[in-house]
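Counting in our numbering, the sequence shown runs without a single skipped number right up to 1829 at its last residue. C-beta atoms are modelled at their ideal positions from N, C-alpha and C, and glycine is treated no differently. Notes for the one structure printed next.
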Amino acid sequence: MSEIRHNWTKEEILEIYNRPLIDLIFEAAKVHREHNDPKEVQVSTLLSIKTGGCSEDCGYCPQAARYQTKIEKNDLLSVEDVRKAAEKAKSAGSSRLCMGAAWRNVKDNDEFDEVLDMVKAVYDTDMEVCCTLGMVTENQAKRLAAAGLYAYNHNIDSSEEYYKEVISTRGYEDRLETLSNVRKAKLTVCSGGIIGMGESPEDRCGMLLTLSCLTPHPESVPINGLVPVEGTPLEEQEIVSIWDMVRMIATTRIVLPDTTVRLSAGRTQMTDEGQALCFLAGAGSIFAGDKLLTTPNPDFNEDMKLFNALGLTPKAPYKKGDKPKVDEEAYKTRPENGEKIKWSRPEHTIDKNVEASKKPKSEKA
Ligand code: SAM
Ligand code: DTB
Ligand code: SF4
C-alpha cells in the first residue's frame, strides 16, 4: 500500500507530473485501487444559495461584483427552497449537497443563522452537507459542525506564487488560516484548485505540495478546469487540454493516495472518453446536475449513461466517515464579540483585475 506522505518535495511531484502519460495513468490507477473501490464515484450536487455581488477580485470568478458578467444575482435562498433542492438532488442519486455563497467571509449575523438552519435541514435528509462560504473563524466553523456540516470547501486554487497573479483582495495565508479553523472544528476539509489560468506545471505541483503538507491531508481535493467566463479577467484563456487534466488528476491521486479527487468544473468541455481517463487515473467524485454555481454542467442523465458504460456506481453517503452529531444549542448560540477575519494584504491590487473591472458593458457585447 502506498504510504501517506507529508514530506513530498516540489521536485518529486514535478517528476511524477512529467512522466510519460501512459506510465503516469497506470501508476495512478494502481494507487487508486489500493486505497479506494474504483467502481464507486461520490456524486455531489452544488447549490448556489447566494449568487453574485461578491467583494473579492478572483480573476476567474463570474460572481465578483467588480466584473461585468451576465450572471443572474440572487439574495440568500430560503431554508425551504434549500430543503426542496436537497430532496431533488438526493432522489437523483447525489449523496452530498454543497451550498455555495458569493461571500468574502462569513459574518455572525442573521444570514449566517439562516445558513446554519439550511445545514440542519439538509442533514435531516441524510445527505452529506458541505458549505463553501468564504473565510470562516474557528467559532463559525464550530457552529457549522454543530448544525451537522460534514465538509467545508475552501480552495487554495494554485501555487502560493501564482495565487498573487489572480487574486489581490486576500492572500494565500488567509486561505490556509480558514482551512486550519475548519480542522479545529473537526470538519472534513475539501480544498483544491483550478488549472488553465495560465499557470505553469511548477505552479500546479506547488499547489499539490501545499495540500500534501496539510496534516491530515484534505479528505477531498477538487480539480477544476477553468471555465472562462465573459467579463472576467480570464475570459480569453484557452480551455485546458484533456491531457493536462488527466495528468493533474493522476498526480493528485499519487501524491494524496487516501484523498477523494473530484473531477470538478470544466466537464462540459470534455468528451466521455476524456472523463473515462480521469476516472481511470483516480477521480473518485464529480459534481452532478446541469448547473455548477453559475455555469453549465453535464445533464444528470448523461452522467448516469457514462456511469453505466463504465460500470461505475454512485457512492452512499458517509461511507468514509461518521455522520456528525447535531448540537442545537451550540449552533444556535451567536458569539457576543465575534472574532474578526484577518486580511493579510490590505493595500494590494492587480492591474489585470482593475482593468477588467473598469471595462464598460458595451465593450463586451
Ligand atoms: N466565495 C467562496 C470562496 O471563494 O471560497 C465560495 C464560492 S467560490 C465560487 C468556490 C470555488 O469555485 C473557487 O474557489 C474556485 O476554485 C471555483 N471557481 C470559481 N469560478 C470558477 C471558474 N470560472 N472556473 C473554474 N472554477 C471556478
Ligand atoms: C469547487 O472546487 N468547484 C465548485 C465548488 N468547489 C464550489 C465550484 C465551481 C464553480 C465554477 C464556476 C461557476 O459555476 O460559477
Ligand atoms: Fe467571491 Fe468566491 Fe468568487 Fe472569489 S471565488 S469572487 S470569493 S465568490
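Taken in chain order, the complete beta strand (DSSP E) segments of 3 or more residues contained in the segment 1655-1683 are 1657-1659. Taking a cut-off of 8 Å for Cβ pairs, the segment 1764-1774 and the segment 1703-1721 do not touch, as fewer than three such pairs fall below it. Residue 1760 is bridged by DSSP to 1755. Per DSSP, the continuous alpha helix (DSSP H) segment holding residue 1583 begins and ends at 1574-1587. Here the C-alpha atom of residue 1674 lies approximately 11 Å from the C-alpha atom of residue 1619.
Judged by beta-carbon spacing, residue 1687 lies beyond the 8 Å limit of residue 1632, meaning their Cβ atoms are not closer than that value. In this structure, residue 1585 has its beta carbon at no less than 7 Å from each heavy atom of the ligand SF4. Residue 1566 has its Cβ nearer than 7 Å to a heavy atom of the ligand SAM.
Going by DSSP, residue 1522 is part of no beta strand (DSSP E) at all; its letter is neither H nor E. In the three-state reduction of the DSSP assignment, residue 1772 falls in the helix class. Here the segment 1773-1789 makes no contact with the segment 1487-1497; the two share fewer than three CB pairs at distances below 8 Å. Under the three-state reduction of DSSP output, residue 1592 falls in the strand class.
With contact defined as three or more Cβ pairs closer than 8 Å, the segment 1652-1665 and the segment 1687-1697 are in contact.
For the pair residue 1723 and residue 1682, the CB atoms are nearer than the 8 Å cut-off. Taking the Cα of residue 1610 as reference, the smallest distance to any Cα among 1788, 1745, 1816 is reached at 1788. In this structure, residue 1589 and residue 1551 form a Cβ contact; the two beta carbons are roughly 6 Å apart against a cut-off of 8 Å. The Cβ-Cβ distance between residue 1531 and residue 1738 does not fall below 8 Å. Rounded to whole angstroms, residue 1760 and residue 1753 show a C-alpha spacing of 9 Å. Bounds of the beta strand (DSSP E) holding residue 1507 are 1504-1514. CA-CA distance, residue 1741 to residue 1796, rounds to 45 Å. Look at residue 1614 here: in three-state DSSP terms it is coil, with no helix or strand label. Relative to the ligand SAM, the beta carbon of residue 1470 is positioned no closer than 7 Å to any heavy atom. About 6 Å separates the Cβ atoms of residue 1706 and residue 1734, confirming a contact at the 8 Å cut-off. Our two residues, residue 1520 and residue 1649, have alpha carbons roughly 25 Å apart in a direct line. Closest in alpha carbon position to residue 1597, among 1626, 1473, 1516, 1701, is 1516. Shortest gap from the CB of residue 1527 to any heavy atom of the ligand DTB: under 7 Å. Under the 10 Å beta carbon count, residue 1663 is surrounded by 16 or more other beta carbons and is classified as buried. Judged by their CB atoms, residue 1527 and residue 1758 are nearer to each other than the 8 Å cut-off. In the displayed model, residue 1500 falls within coil according to three-state DSSP, outside both helix and strand. Residue burial is scored here from C-beta neighbours: residue 1800 has fewer than 16 other C-beta atoms within 10 angstroms and is therefore classed as exposed.
Three or more Cβ pairs closer than 8 Å define a contact, and the segment 1743-1750 meets that threshold against the segment 1501-1516.
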